[in-house]
Amino acid sequence: MTIKEIHLITFSPTHTSRQVGEAIVRGLDIKEVNVIDLTRPCDIQQELPADALAVITVPVYGGHIAPLALKRMQDIRANHTPAVIGVVYGNRAYEHALQELDSFVSALGFQVIAGGTFIGEHSYSTSQYPIAAGRPDEDDLAYAELFGRKVRTKIENATDREHLYGVDVKRIQRPHQPFFALLRFLRRVMKFRKSGGVIPRTPQTDADLCTHCGACVKHCPTEAIALGDECHTNADLCIRCCACVKGCPQKARTFDTPFSAMLSECFQRPKENRIIL
Ligand SMILES: Cc1cc2nc3c(=O)[nH]c(=O)nc-3n(C[C@H](O)[C@H](O)[C@H](O)COP(=O)(O)O)c2cc1C
Ligand code: SF4
Ligand code: SF4
Numbered sequence: 004m005t006i007k008e009i010h011l012i013t014f015s016p017t018h019t020s021r022q023v024g025e026a027i028v029r030g031l032d033i034k035e036v037n038v039i040d041l042t043r044p045c046d047i048q049q050e051l052p053a054d055a056l057a058v059i060t061v062p063v064y065g066g067h068i069a070p071l072a073l074k075r076m077q078d079i080r081a082n083h084t085p086a087v088i089g090v091v092y093g094n095r096a097y098e099h100a101l102q103e104l105d106s107f108v109s110a111l112g113f114q115v116i117a118g119g120t121f122i123g124e125h126s127y128s129t130s131q132y133p134i135a136a137g138r139p140d141e142d143d144l145a146y147a148e149l150f151g152r153k154v155r156t157k158i159e160n161a162t163d164r165e166h167l168y169g170v171d172v173k174r175i176q177r178p179h180q181p182f183f184a185l186l187r188f189l190r191r192v193m194k195f196r197k198s199g200g201v202i203p204r205t206p207q208t209d210a211d212l213c214t215h216c217g218a219c220v221k222h223c224p225t226e227a228i229a230l231g232d233e234c235h236t237n238a239d240l241c242i243r244c245c246a247c248v249k250g251c252p253q254k255a256r257t258f259d260t261p262f263s264a265m266l267s268e269c270f271q272r273p274k275e276n277r278i279i280l
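Those letters in the sequence shown? Residues 4 to 280, by the working numbering.
In structure tokens:
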């Protein structure tokens, strides 16, 4: 069977999920591509047809799918539309996020025919405390593109829609996680909690460096920063995605969380991307 069009659905404050989604789409090599970007405030109410294919890539926050991604996806409907799903995480763990995404999009009417777990630079990565810095790199994107090509072959080999089978994402192989690194991380988190340490609720802005260019306002997915008042962040809206930190050309914004050091030290070994189809 053939697919006429692709809908790339993504939520990606620091662009790694979007890059992975775009690489999968390149591998699928279908000319008609519609991008549904849920990163900025939006109200998408769309029904996708059965002869389309959705590629859905979203980040992992705290072992779950970023809640705002699900919220902004909730009014999309599918008509038994096949979907390729991918979760992107910062080299710690994705826990149950892939299953969660599978259940969520299945309830919207999609049929998941392939899934993947991919590594992206951690939102809390800094030059002092790098965590999966620079990922997805060239090899990661080539892997995602190859995944897209494999999905295309799966679709072409199906004689008709009835024979394009779903996949059980629970059966995906998990990446190797060294036990002692995990233990060290859990101990450090417990020690931090016991010491009464506080995690900042928002990034901070250095007023001496800020030129009020407004880039952070443009990058923020929740309108937590107002134009002209860039040194202030609305803590009730901020989801700590670090889009403003990574998108500030003056490096005026920083998010000083103790998790940067903990994650950098305990999850140094690069994890592998995984796919199932
Ligand atoms: C609030 C928050 C929680 C996160 N939780 C996790 C996590 O549980 N495991 C992990 O490996 N990475 C975690 N990350 C890192 C992101 O999953 C990772 O950086 C991802 O590539 C970001 O996607 P984006 O570039 O599309 O925004 C978290 C990031 C944020 C901002
Ligand atoms: S992006 Fe940086 S320099 Fe520009 S307004 Fe925001 S904090 Fe200021
Ligand atoms: S202000 Fe908060 S929500 Fe907005 S981009 Fe920065 S970290 Fe993300």
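For each residue, glycine too, the CB sits at the ideal point set by N, CA and C.
These figures come from a predicted structure and were not determined experimentally.
(request) Just mark T208 as buried or exposed, buried being the case when its beta carbon has 16 or more other beta carbons within 10 Å. (result) Looking up residue 208 in the sequence shown gives position 205. A buried status is given to T208, since no fewer than 16 other beta-carbon atoms sit within 10 Å of its beta-carbon.
(request) Take the Cβ of K274 as the centre, count every other Cβ of all protein chains shown within 10 Å, and call the residue buried at 16 or more, exposed below. (result) The residue labelled residue 274 in the question sits at position 271 within the sequence shown. Answer is buried; the Cβ neighbour count reaches 16.
(message) Closest to T19 by C-alpha separation, out of T205, A145, I39 and D140, would be which residue?
(response) Reading the sequence shown from its first residue, position 16 is the one you call residue 19. Looking at the Cα atoms, D140 is the closest of the given residues.
(message) Under 8 Å, with one C-beta from each stretch per pair, do the region 10-30 and the region 145-153 reach the 3-pair mark?
(response) With the cut-off at 8 Å, the region 10-30 and the region 145-153 touch.
(message) Comparing C-alpha positions only, which one of T5, F262, E8 and L71 sits nearest to R187?
(response) Here residue 187 is taken as the residue at index 184 of the sequence shown, counted from 1. The residue from T5, F262, E8 and L71 with its alpha-carbon nearest to that of R187 is F262.
(request) Scan the region 89-131 and note each continuous alpha helix (DSSP H) run of 4 residues or more that stays entirely inside, going in chain order. (result) Taking only runs of at least 4 residues, the alpha helix (DSSP H) segments lying wholly in the region 89-131 are 100-111.
(request) Report back the beta-carbon spacing between V63 and V90 to the nearest angstrom; my notes put them in contact at under 8 Å. (result) Reading the sequence shown from its first residue, position 60 is the one you call residue 63. Reading the sequence shown from its first residue, position 87 is the one you call residue 90. Contact holds; Cβ gap of about 5 Å.
(request) Pull up the distance between the alpha-carbon of F107 and that of K194, whole angstroms please. (result) Here residue 107 refers to the residue found at position 104 of the sequence shown. Here residue 194 refers to the residue found at position 191 of the sequence shown. The C-alpha of F107 lies about 35 Å from the C-alpha of K194.
(request) Give me the Cβ distance between A81 and L51, rounded to the nearest whole Å; I'm assuming they're in contact under 8 Å. (result) Numbered from its first residue, the sequence shown carries residue 81 at position 78. Numbered from its first residue, the sequence shown carries residue 51 at position 48. Confirmed, about 5 Å.
(request) Confirm, please, whether the CB-CB distance from L56 to I175 is below 8 Å. (result) In the sequence shown, the residue the question calls residue 175 occupies position 172. In the sequence shown, the residue the question calls residue 56 occupies position 53. Not in contact: I175 and L56 (Cβ atoms no closer than 8 Å).
(message) For C45, count the other beta carbons within 10 Å of its own beta carbon; 16 or more makes it buried, fewer makes it exposed. Which is it?
(response) The residue labelled residue 45 in the question sits at position 42 within the sequence shown. An exposed status is given to C45, since fewer than 16 other beta-carbon atoms sit within 10 Å of its beta-carbon.
(request) Determine, using beta carbons only, whether I88 and L111 come nearer to each other than 8 Å. (result) Counting from 1 along the sequence shown, the entry for residue 88 is found at position 85. Counting from 1 along the sequence shown, the entry for residue 111 is found at position 108. The Cβ atoms of I88 and L111 do not sit closer than 8 Å to each other.
(request) Run through the region 49-81 for me and flag every whole beta strand (DSSP E) of 3 or more residues, listed as ranges in chain order. (result) Fully enclosed beta strand (DSSP E) runs of no fewer than 3 residues occupy 55-64 of the region 49-81, in order along the chain.
(message) So, with DSSP's three-state summary, where would you put T19?
(response) The residue given as residue 19 occupies position 16 in the sequence shown. Of the three classes helix, strand and coil, the one that applies to T19 here is helix, per DSSP.
(message) Using the three-state DSSP reduction, which class does I228 fall into: helix, strand or coil?
(response) Here residue 228 refers to the residue found at position 225 when the sequence shown is read from its first residue. I228 sits in coil when the DSSP states are folded into three classes, being neither helix nor strand.
(request) Kindly examine ligand 4 and report whether one of its heavy atoms sits closer than 7 Å to the Cβ of V91. (result) Judged by which ligands are present, ligand 4 is missing from the structure shown, whose ligands are ligand 1, ligand 2 and ligand 3.
(request) Give a single yes or no on whether H222 has its beta carbon closer than 7 Å to a heavy atom of ligand 3. (result) As a working note, residue 222 is residue 219 in the sequence shown. For H222, the shortest separation between its Cβ and any heavy atom of ligand 3 lies below 7 Å.
(request) With distances taken Cα to Cα, identify the nearest neighbour of C213 among F14, T120, Q271 and A255. (result) As a first step, residue 213 must be located in the sequence shown, where it is residue number 210. Nearest C-alpha to C213 among F14, T120, Q271 and A255: A255.
(message) Within 10 Å of its beta-carbon, does S130 have 16 or more other beta-carbons around it, so buried, or fewer, so exposed?
(response) For the purposes of this step, residue 130 is taken as residue 127 along the sequence shown, with counting starting at 1. The residue is exposed, with fewer than 16 neighbouring Cβ atoms inside 10 Å.
(message) Taking the beta carbon of N276 as the centre, do at least 16 other beta carbons fall within 10 Å, making it buried, or is it exposed?
(response) By one-based count along the sequence shown, residue 276 stands at place 273. Residue burial annotation: N276 is buried, with at least 16 other C-beta atoms found within 10 angstroms of its C-beta.
(request) Could you tell me which residues DSSP puts in a beta bridge with I9? (result) By 1-based counting over the sequence shown, the position of residue 9 is 6. For I9, which the question treats as bridged, DSSP gives the partners V36 and L56.
(request) Tell me P85's beta-bridge partners as DSSP assigns them. (result) Stepping through the sequence shown from its first residue, residue 85 is reached at position 82. The partner list for P85 (beta bridge, DSSP) reads Q114.
(request) May I ask you to check if the CB of H215 is nearer than 7 Å to at least one heavy atom of ligand 2? (result) Counting from 1 along the sequence shown, the entry for residue 215 is found at position 212. Taking the Cβ of H215 as the reference point, at least one heavy atom of ligand 2 falls within a distance shorter than 7 Å.
(request) Could you spell out the range, first to last residue, of the alpha helix (DSSP H) harbouring I278? (result) Numbered from its first residue, the sequence shown carries residue 278 at position 275. First-last for I278: R277 to I279, but that is the beta strand (DSSP E), not the alpha helix (DSSP H).
(request) Could you tell me if the beta carbon of I202 falls within a distance shorter than 7 Å of some heavy atom in ligand 3? (result) The residue given as residue 202 occupies position 199 in the sequence shown. Result no, Cβ not under 7 Å from ligand 3.
(message) For a test of your reading of the model: does the CB of P178 fall under 7 Å from any non-hydrogen atom of ligand 3? Yes or no.
(response) Position 175 of the sequence shown holds residue 178. Exclusion of P178 from the 7 Å shell around ligand 3 follows from its C-beta lying no nearer than that to any non-hydrogen atom of the ligand.
(request) Taking only the alpha-carbon atoms, compute the straight-line gap between G250 and T225 and give it to the nearest angstrom. (result) Taking the sequence shown and counting its residues from 1, the one referred to as residue 250 is at position 247. Taking the sequence shown and counting its residues from 1, the one referred to as residue 225 is at position 222. In this structure, the CA atom of G250 is about 15 Å from the CA atom of T225.
(message) If the criterion is Cβ atoms closer than 8 Å, does the pair Q49 and I79 meet it?
(response) Taking the first residue of the sequence shown as 1, we reach residue 49 at position 46. Taking the first residue of the sequence shown as 1, we reach residue 79 at position 76. Yes; because the gap between Cβ atoms is below 8 Å, this pair is in contact.
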